[in-house]
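Structure record follows, encoded as structure tokens.
There are 2 protein chains.
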Amino acid sequence: MVRCPPLALRSPPPLSRGSLVAVVAPASGFDRDELFRGLAWLSTRYRLQVDARILAREGYLAGADASRADVLSRAMLDDDVEGIVCARGGYGAMRILEALPWERFAARPKALVGFSDVTALHVVANAHGVATVHGPNVTGLGRSITAAERASLIATLEGATPAPWTGLEVLAPGDARGPLVGGNLALVEAMAAAGRLVVPRGAIVALEDVTERPYRIDRMLTALLLGGHLARASAVVFGGFTQCEPGPDGVTVEAVLRERTRGLGIPVVAGAPFGHGAPNHAFVLGGEAVLRGGAVYWGAP
Amino acid sequence: MVRCPPLALRSPPPLSRGSLVAVVAPASGFDRDELFRGLAWLSTRYRLQVDARILAREGYLAGADASRADVLSRAMLDDDVEGIVCARGGYGAMRILEALPWERFAARPKALVGFSDVTALHVVANAHGVATVHGPNVTGLGRSITAAERASLIATLEGATPAPWTGLEVLAPGDARGPLVGGNLALVEAMAAAGRLVVPRGAIVALEDVTERPYRIDRMLTALLLGGHLARASAVVFGGFTQCEPGPDGVTVEAVLRERTRGLGIPVVAGAPFGHGAPNHAFVLGGEAVLRGGAVYWGAP
């Protein structure tokens with residue numbers, strides 16, 4: 027049964043070879059060599075705009091809030107910039123959310139790429155009706171990345187249809203169609219606490235996380251359930267839950283994902299190729315997805 | 027300046043020597059020997075009602091949700107029971123919140139004692155207008171506990187005025203008066219995400235946490251700030267932030283507590299004697315507190 031077929035969010039214009047892409051650092055500082063390697067790869071396809079201020083460090087942040095917000099704001103509003111890729115997640119995007127020009131960005135949207143802590147930006151952009159790109163940050167591109175991951179990022183950025191995700195583990199069977207939203211579970215929970223989380227009717231909710239004990243994943247999912255944040259979803263797609271090993275009690279994160287979503291009565295799949303463990307394939311947050319029999323397709327299949 | 031003097035929440039009847047106290051296990055399983063030692067101490071002052079089902083284990087939970095909820099529900103509704111003390115926190119109270127008889131409990135409230143994960147119960151009870159007791163769980167009573175901690179628990183349960191907290195570190199100076207609410211920061215954030223957090227106008231918000239990196243404390247506080255959950259508070263009182271050591275970036279949790287609350291423009295103190303590090307003095311959540319010059323007093327001083 028396909029429930030609630032809603033419209034997808036508005037997609038920014040696709041990039042093409044040679045497009046100008048701005049690199050921003052909304053969250054934590056990072057390894058410069060990883061950044062440079064990621065930039066090197068990105069530069070083989072796009073022209074890059076890199077503000078030197080992204081190399082700043084202030085504690086666990088890539089510079090002061092005002093500086094990170096200014097670099098990102100300028101990229102959001104620069105008509106020559108066609109895409110924005112985040113240097114790294116970590117933590118810090120939530121600190122600058124209110125300083126960003128969301129209304130003007132939504133009026134002239136452009137591709138915004140990242141994941142993990144960048145989920146905070148995705149959630150607000152999606153809430154403004156703008157689709158974004160869940161995909162590797164620049165430093166991730168500078169570590170090991172496969173040809174398939176590169177292809178999925180380029181396809182996603184340039185408006186082609188990426189390869190479907192097949193062979194997913196079916197935790198609760200069924201079909202669904204809707205805008206894929208979500209991201210990092212801890213950030214989704216934090217954005218719910220911040221009163222900023224919007225899950226569109228019929229959404230397929232994508233969630234991943236890293237280095238959280240299973241009981242903590244339980245707590246986050248339980249918070250979302252109690253808050254009714256999953257009540258309008260048509261399906262849940264779990265990505266990687268990396269280094270989420272059991273504690274002494276032996277409960278696995280897979281058991282938690284299955285048990286906590288059982289009462290929703292909607293299709294649930296796990297093991298989708300996104301998150302902190304390889305592979306981390308890109309996809310459009312807010313783009314239309316179809317879940318059918320352990321596979322996710324993009325747009326009308 | 028004293029702002030917004032609101033009424034305190036309704037306090038349950040005080041206990042007295044020989045009162046019947048029920049021991050419940052709403053969250054995680056625990057060390058039985060610690061429980062027995064805690065029960066031994068409690069039994070020197072109160073009669074105890076212990077349902078054998080609290081000794082169950084199911085993964086990281088003290089038995090199935092239905093069992094934990096049933097034991098707690100019966101204690102909440104048993105007219106002979108004058109107080110309820112939780113065996114341990116850990117995680118799990120949120121899973122049973124909706125199965126508990128809050129309306130009937132609020133109509134005939136009794137003292138509900140615990141902390142850490144038990145914050146979920148406190149938040150809902152407080153939202154129902156009922157004051158609760160932030161204090162050691164039974165297993166905590168079974169570990170090292172000082173005469174002063176014991177005295178504060180008995181005083182709090184029996185309606186006497188505990189000793190004031192003095193010599194606190196003043197992060198932002200000022201005076202305030204209001205109901206003290208809050209508890210464990212991670213649970214407060216989760217309850218905000220769950221749409222259950224109610225911070226009364228003029229509240230003094232008490233927060234503590236354990237084993238969280240400073241950047242995570244930042245994330246939780248930032249979520250509360252963005253959500254406006256601290257906008258009506260008259261002050262913030264930080265307790266222990268135990269094992270919240272800096273990461274490689276060197277940022278201390280003290281720096282985070284100071285920086286994240288600076289914009290509130292209300293008095294903030296740190297180092298109050300509650301939380302996961304010793305000492306863990308009891309106090310009434312929802313009871314009226316007065317903050318003045320690095321000291322917290324209970325009721326009208």
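Heads up: the sequence lines are chains A and B, in that order.
When we follow our numbering, the leftmost residue of the first sequence carries the number 27, and every step to the right adds one.
When we follow our numbering, the leftmost residue of the second sequence carries the number 27, and every step to the right adds one.
Think of the CB as a built atom: it goes at the ideal place given N, C-alpha and C, for glycine as much as any other residue.
TODO: Spell out the partners DSSP gives Q75(A) in its beta bridges.
DONE: Indexing the first sequence from 1 puts residue 75(A) at position 49. Here Q75(A) is bridged, per DSSP, to A48(A).
Whole-Å CB distance - G221(A) paired with L252(B), under 8 Å assumed:
As a working note, residue 221(A) is residue 195 in the first sequence. As a working note, residue 252(B) is residue 226 in the second sequence. So it is a contact: roughly 7 Å between Cβ atoms.
Q) At which residues does the beta strand (DSSP E) containing R318(B) begin and terminate? A) Stepping through the second sequence from its first residue, residue 318(B) is reached at position 292. Counting along the chain, the unbroken beta strand (DSSP E) around R318(B) starts and ends at 314-318.
| Any idea what DSSP makes of V282(A), helix, strand or coil? | Working through the first sequence from its first residue, we reach residue 282(A) at position 256. Three-state result, V282(A): helix.
Worksheet entry | Proximal residues, the segment 102-113 of chain A versus chain B, C-beta separation under 8 Å | Within the segment 102-113 of chain A, no residue has a Cβ that lies closer than 8 Å to any Cβ of chain B.
Does E129(A) have its Cβ less than 7 Å from a Cβ in chain B?
Position 103 of the first sequence holds residue 129(A). Not flagged as an interface residue toward chain B: E129(A), since no C-beta distance is shorter than 7 Å.
### Residues near Y86(A) by beta carbon distance below 8 Å, same chain, minus five either side
Locating residue 86(A) in the first sequence gives position 60, where the first residue counts as 1. Excluding the 5 residues flanking it on each side, Y86(A) has same chain C-beta neighbours closer than 8 Å at S54, G55, G116, Y117, G118, in chain order.
Entirely enclosed beta strand (DSSP E) segments - the segment 147-197 of chain A, minimum 3 residues:
Complete beta strand (DSSP E) runs here, min 3: 158-160.
At 7 Å on the CB atoms, spell out the chain A contacts of R245(B), in chain order. In the second sequence, residue 245(B) corresponds to position 219, counting from 1. Chain A residues near R245(B): Y117, M120, A216.
Quiz prompt | 8 Å contact criterion, which G228(B) and G200(B) should meet: CB distance rounded | solution = The residue labelled residue 228(B) in the question sits at position 202 within the second sequence. The residue labelled residue 200(B) in the question sits at position 174 within the second sequence. The Cβ separation is near 13 Å, so there is no contact.
L250(A) versus chain B: which residues are under 7 Å apart at the beta carbon? Translated into the one-based positions of the first sequence, residue 250(A) becomes position 224. Neighbours of L250(A) in chain B, taken as residues at a C-beta separation under 7 Å, are given in chain order as A219.
Assuming A249(B) and A219(A) are in contact, meaning their beta carbons sit under 8 Å apart, how far apart are those beta carbons, in whole angstroms? Here residue 249(B) corresponds to residue number 223 of the second sequence, with the count starting at 1. Here residue 219(A) corresponds to residue number 193 of the first sequence, with the count starting at 1. Sure, about 4 Å apart at Cβ, within 8 Å.
Please classify R94(A) as buried or exposed, where buried requires at least 16 other C-beta atoms within 10 Å of its C-beta. Stepping through the first sequence from its first residue, residue 94(A) is reached at position 68. Buried, by the Cβ-count rule.
*Give a yes or no on whether the C-beta atoms belonging to W191(B) and P299(B) are separated by under 7 Å.*
Indexing the second sequence from 1 puts residue 191(B) at position 165. Indexing the second sequence from 1 puts residue 299(B) at position 273. A contact, by the Cβ cut-off of 7 Å.
* To do: Please determine, among S37(A), A113(A), V236(A), the residue with the shortest C-alpha to C-alpha distance to L74(A).
  => As a first step, residue 74(A) is located in the first sequence; it is residue number 48 there, counting from the start. Of the listed residues, the one whose Cα sits closest to L74(A) is A113(A).
Pop quiz: L179(A) and P162(A) are said to be a contact at Cβ under 8 Å. What is the actual Cβ separation, rounded to whole angstroms? If you number the first sequence from 1, residue 179(A) lands on position 153. If you number the first sequence from 1, residue 162(A) lands on position 136. Contact holds; Cβ gap of about 7 Å.
- Query: Taking DSSP as the reference, what is the three-state secondary structure of E84(A)?
  - Reply: Taking the first residue of the first sequence as 1, we reach residue 84(A) at position 58. Correct three-state label for E84(A): strand.
In its own chain, which residues sit with a C-beta less than 7 Å from the C-beta of E328(B), not counting the 5 before and 5 after it? Residue 328(B) falls outside the range modelled here, since chain B spans only 27 to 327, and no answer is possible.
task = Please check if any C-beta of chain A sits within less than 7 Å of the C-beta of G209(B).
result = Residue numbering aside, residue 209(B) sits at position 183 when the second sequence is read from its first letter. Not an interface residue.
request  = Verify whether the separation of the beta carbon atoms of H148(A) and G185(A) is less than 7 Å.
outcome  = Mapped onto the first sequence, residue 148(A) falls at position 122. Mapped onto the first sequence, residue 185(A) falls at position 159. For the 7 Å CB-CB criterion, H148(A) and G185(A) do not form a contact.
Could you tell me the alpha carbon to alpha carbon distance between T237(B) and C270(A), rounded to whole angstroms? Position 211 of the second sequence, counting from 1, holds the residue named residue 237(B). Position 244 of the first sequence, counting from 1, holds the residue named residue 270(A). Rounded to whole angstroms, T237(B) to C270(A) spans 16 Å at the Cα level.
Item to complete: Tell me, to the nearest whole angstrom, how far the beta carbon of G312(A) is from that of A34(A); I am working on the premise that it is less than 8 Å.
Response: Here residue 312(A) is taken as the residue at index 286 of the first sequence, counted from 1. Here residue 34(A) is taken as the residue at index 8 of the first sequence, counted from 1. Going by Cβ atoms, the distance from G312(A) to A34(A) rounds to 6 Å, so yes, they are a contact pair.
Limits of the alpha helix (DSSP H) - the one that A304(B) falls within: Along the second sequence, one-based indexing puts residue 304(B) at 278. For A304(B), there is no enclosing alpha helix (DSSP H), as DSSP marks it with neither H nor E.
inquiry  = Checking 7 Å against the spacing of the C-beta atoms, do A78(B) and G89(B) come in under that value?
reply    = Start at 1 with the first residue of the second sequence, and residue 78(B) comes out as number 52. Start at 1 with the first residue of the second sequence, and residue 89(B) comes out as number 63. No, the pair does not count as a contact, with Cβ atoms beyond the cut-off.
field: Cutoff 8 Å; reference P31(A); Cβ partners in own chain excluding five residues on either side
entry: To locate residue 31(A), count along the first sequence from 1; it is residue 5. Residue confidence for P31(A) is low, a pLDDT of 40 falling below 50, so the modelled location carries little weight; the figure read from the coordinates is stated next. Its chain contains R203, G204, G228 as the residues whose beta carbon lies nearer than 8 Å to that of P31(A), once the 5 sequence neighbours on both sides are disregarded; these appear in chain order.
| When you check each C-beta in the segment 82-99 of chain A against every C-beta of chain B, which residues fall closer than 7 Å? | Listed in chain order, the positions of the segment 82-99 of chain A with a beta carbon within less than 7 Å of a beta carbon of chain B are G85, Y86.
- Query: Can you find a CB in chain B that lies within less than 7 Å of the CB of L72(A)?
  - Reply: Residue numbering aside, residue 72(A) sits at position 46 when the first sequence is read from its first letter. The residue asked about is misnamed: residue 72(A) is Tyr in this sequence, not Leu. The beta-carbon of Y72(A) is placed no less than 7 Å from the nearest beta-carbon of chain B.
#### Entry: R241(A) at chain B interface by Cβ criterion, 7 Å
The residue given as residue 241(A) occupies position 215 in the first sequence. Reading off the sequence, residue 241(A) comes out as Tyr, not Arg. Yes, contact with chain B.
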